[in-house]
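Undergrad:
Number of protein chains: 2
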Amino acid sequence: MPTQVGSQAVDRASALLALIVESDRPRSFTSLVDELGLAKSTTSRLLQALERSRLVQRDQSGSFRPGALFSIYAARPSALHDLAELARPTLTRIGELSEETVNLSVPRGNEVVQIAQIDSRYLLGSTDWVGVDVPATCTALGKVLYAWGALPLPRGSLERRTAHSPADRAELDRVLSEVRRRGWAVSLDELEVGLGAVAAPVRSVDGSVVAAVSVSGPTTRVNGHGITRLAELLVSETRGLSAQLGHHQGREGVA
Amino acid sequence: MPTQVGSQAVDRASALLALIVESDRPRSFTSLVDELGLAKSTTSRLLQALERSRLVQRDQSGSFRPGALFSIYAARPSALHDLAELARPTLTRIGELSEETVNLSVPRGNEVVQIAQIDSRYLLGSTDWVGVDVPATCTALGKVLYAWGALPLPRGSLERRTAHSPADRAELDRVLSEVRRRGWAVSLDELEVGLGAVAAPVRSVDGSVVAAVSVSGPTTRVNGHGITRLAELLVSETRGLSAQLGHHQGREGVA
DNA sequence: GAAAGAGTTCCATGATATGGGACCTGTGTT
DNA sequence: AACACAGGTCCCATATCATGGAACTCTTTC
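Which chain is which? The protein sequence lines are A and B, in order. Number 153 in the working numbering belongs to position 153 of the first sequence; there are no gaps in the numbering. Number 43 in the working numbering belongs to position 43 of the second sequence; there are no gaps in the numbering.
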């Protein structure tokens, strides 16, 4: 099972590029040589080619970072949608296994933005469904994003929707540290009586939380034992998704 | 001046990739073949290699889009900083030519976030300086982002800081359409008496405005004739920056 | 049902990537 | 100062690997 027939040079260059993109800090020439085991001369030539095409660039110290083409891509308004595309298989799987509604959200400013939803296994349309101004402290997704600092904590008093919504800052802090401890968040009757949700974090290379995935449904189904089952499903699936984003277990970030 | 000595295959693959990343929408196999003039077989092989490495992916219809590695990169919290890195030469040049403070901002949520600043030609530290809760309608940067829909228009009545700040929605609308007409925005004594600024938009591949660059200083220097000079400088420099992001003149987007 | 279109696979050919080693350059060591 | 060493680039003969034409498959169109 050697390299597929076809394009050795391109495969090697791509491997270099992947290494550079997936690590969270610039890579030195030597570390790349060591990791891929290629000849120095070959590595040097390939990197020069990648540099010429703006796929990598060198920082002041000569280490390699993702190049301008990546910035160009990241500046596209649609870049986040493509994250949804990447997550699609995971979301679909969660939807099939749980038979509930699944959401993928990212923080934007002080708000939680939904970028994908699976509802009885159909992925919703193309436009972002911005959270209809729901108080994020009452949602499982919001709690996850708050818990790991992906979203700035709300200032002032908390907006509540039901008697179960977190009442004040002290209660919220308690809830969030519980979320961090367990690794997932839950929201029962907090946004609306009869509505329940469980959510887990998606992490990036450097361990920071960049998104959250939730499963939600009526509390007739989302309750007691069901919650544990859903949480386990979510945690294992989001762990896989995080790995796709280059996250390595055990790098849980500082926050 | 044929292809540099070294790596034909990698250069060609990179050219393909650049084409895919810099275009606004998925590219069909044939359009890529036509544009680069490579043999179908070669193109096919190279694309397969890129696909294998997650640098490109096919959508349902078989067209090519940037692959998961790009999403991985875009999900990094630092992705926007890298935009600043890309813009650095441009900002520095503006700083040297204008001898005033230069800022690069992007919209995030409902706010304007500064991601780079040049002050008497020094680039500021690493942390984002979030706009200290300044009402964006009183700033040149804010006006640019509002004018082309990069930032959702504020709801309710406008916060004012001086007698020159836009007073109401009607005035703001008038100002914004003027901004669109001219291609740049100005703010004089609107945020603080004695403070003046000029700003111009940075556009992405699809023509949408993704960022803004401003020059600001005391109205003793930023005034009358000086403003026109600064605006011309800004417009020509941001046009160059937009081109680096893949924007082509004449695609000014729909908004 | 034929024909055009889109894309992949095959294969002989030689152009092109390869890696060893020379070479350069900057940095710390005696 | 002279020296050693690591990090990196350049050069070049070799043969491996990419190349493009053509054959082939699958799908869409008329």
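Just so you know, even glycine gets a beta-carbon here, dropped at the ideal spot from N, CA and C.
(1) Counting only Cβ pairs nearer than 8 Å, list the residues of chain A close to residue 210 of chain B.
(2) Beta carbons nearer than 7 Å to chain A: which residues of the region 62–74 of chain B have them?
(3) May I ask you to verify whether the region 103–121 of chain B touches the region 91–99 of chain A, counting CB pairs closer than 8 Å and requiring at least 3?
(4) Would you report the Cα separation of residue 12 of chain B and residue 146 of chain A, rounded to the nearest angstrom?
(5) In angstroms, rounded to a whole number, what distance separates the CA positions of residue 220 of chain B and residue 159 of chain A?
(6) Just to confirm my understanding: we take residue 97 of chain B, look at its own chain, exclude 5 residues before and 5 after, and list those with CB closer than 7 Å. What are they?
(7) Is there a Cβ of chain A sitting closer than 8 Å to that of residue 180 of chain B, yes or no?
(8) Do we get a CB-CB distance below 8 Å when we pair residue 22 of chain A with the residues of chain B?
(9) Hey, out of A:66, A:60, A:41, whose CA is closest to residue 275 of chain A's CA?
(10) Spell out whether any CB of chain B is found under 8 Å from the CB atom of residue 83 of chain A.
(11) With respect to 7 Å, is the separation between the Cβ of residue 139 of chain B and the closest non-hydrogen atom of the ligand SAM below this value?
(12) Pick from A:224, A:235, A:216: whose alpha carbon is nearest that of residue 99 of chain A?
(13) Determine the burial state of residue 103 of chain A: buried for a count of at least 16 other Cβ atoms within 10 Å of its Cβ, exposed for fewer.
(14) Below 8 Å on the Cβ atoms is my guess for residue 32 of chain A versus residue 50 of chain A; work out the distance and round it to an integer in Å.
(15) Give, in chain order, every residue of the region 32–60 of chain A whose Cβ lies closer than 9 Å to some Cβ of chain B.
(16) Going by Cα to Cα distance, which pick from B:187, B:205, B:36 is closest to residue 249 of chain B?
(17) Using a C-beta to C-beta distance shorter than 8 Å, which residues of chain A count as neighbours of residue 244 of chain B?
(18) Could you check the C-alpha separation between residue 55 of chain B and residue 38 of chain B for me, to the nearest Å?
(19) With a threshold of 8 Å between beta carbons, is residue 18 of chain A in contact with chain B?
(20) Would you kindly report the start and end of the unbroken alpha helix (DSSP H) that includes residue 8 of chain B?
(21) In chain order, what residues of the same chain lie with their CB nearer than 6 Å to the CB of residue 189 of chain A, ignoring the 5 residues before and after it?
(22) Of the residues A:197, A:138, A:88, which one's Cα is nearest the Cα of residue 218 of chain A?
(23) What first and last residue would you give for the beta strand (DSSP E) that runs through residue 196 of chain A?
(24) Taking only beta-carbon atoms, is residue 185 of chain B less than 8 Å away from chain A?
(25) Can you confirm whether residue 14 of chain B, when its beta carbon is compared against all beta carbons of chain A, has any partner nearer than 8 Å?
(26) For residue 237 of chain A, which of helix, strand or coil comes out of DSSP?
(27) Jot down the residue ranges of each uninterrupted beta strand (DSSP E) in the region 122–193 of chain A, minimum 3 residues, whole runs only, in chain order.
(28) Can you tell me whether residue 156 of chain A is buried or exposed, with buried defined as 16 or more other CB within 10 angstroms of its CB?
(29) In the DSSP assignment, what are the bridge partners of residue 108 of chain B?
(30) Look up residue 87 of chain A in the DSSP assignment and say whether it is helix, strand or coil.
(31) Any idea what DSSP makes of residue 103 of chain B, helix, strand or coil?
(32) Do you know how far the Cα of residue 71 of chain B is from the Cα of residue 80 of chain A?
(33) Using alpha carbons as the reference points, say which of A:173, A:210, A:235 lies closest to residue 150 of chain A.
(34) Express the C-alpha separation of residue 154 of chain A and residue 269 of chain A in angstroms, rounding to a whole number.
(35) Please return the same chain residues whose Cβ sits closer than 7 Å to the Cβ of residue 27 of chain B, not counting the five positions on each side in sequence.
(36) In the DSSP assignment, what are the bridge partners of residue 217 of chain A?
TA: According to the structure data:
(1) 75, 76, 77
(2) 66, 68, 69, 70, 71, 72, 73, 74
(3) no
(4) 45 Å
(5) 46 Å
(6) 233
(7) no
(8) yes
(9) Look at the range of chain A in this structure, 1 to 255, and you will see that residue 275 of chain A is not part of it.
(10) yes
(11) Of ligands this structure carries none, so the ligand SAM is not represented either.
(12) A:216
(13) buried
(14) Between residue 50 of chain A and residue 32 of chain A the Cβ distance is about 11 Å, and since that is not below 8 Å, they are no contact.
(15) 45, 46, 48, 49, 50, 52, 53, 54, 55, 57, 59
(16) B:205
(17) 68, 72
(18) 19 Å
(19) yes
(20) 8–22
(21) 162, 164
(22) A:197
(23) 195–203
(24) no
(25) yes
(26) helix
(27) 185–188
(28) exposed
(29) B:111
(30) helix
(31) strand
(32) 8 Å
(33) A:210
(34) Beyond the ends of chain A as shown, which are 1 and 255, falls residue 269 of chain A; an answer cannot be given.
(35) 19, 20, 63, 64
(36) A:196
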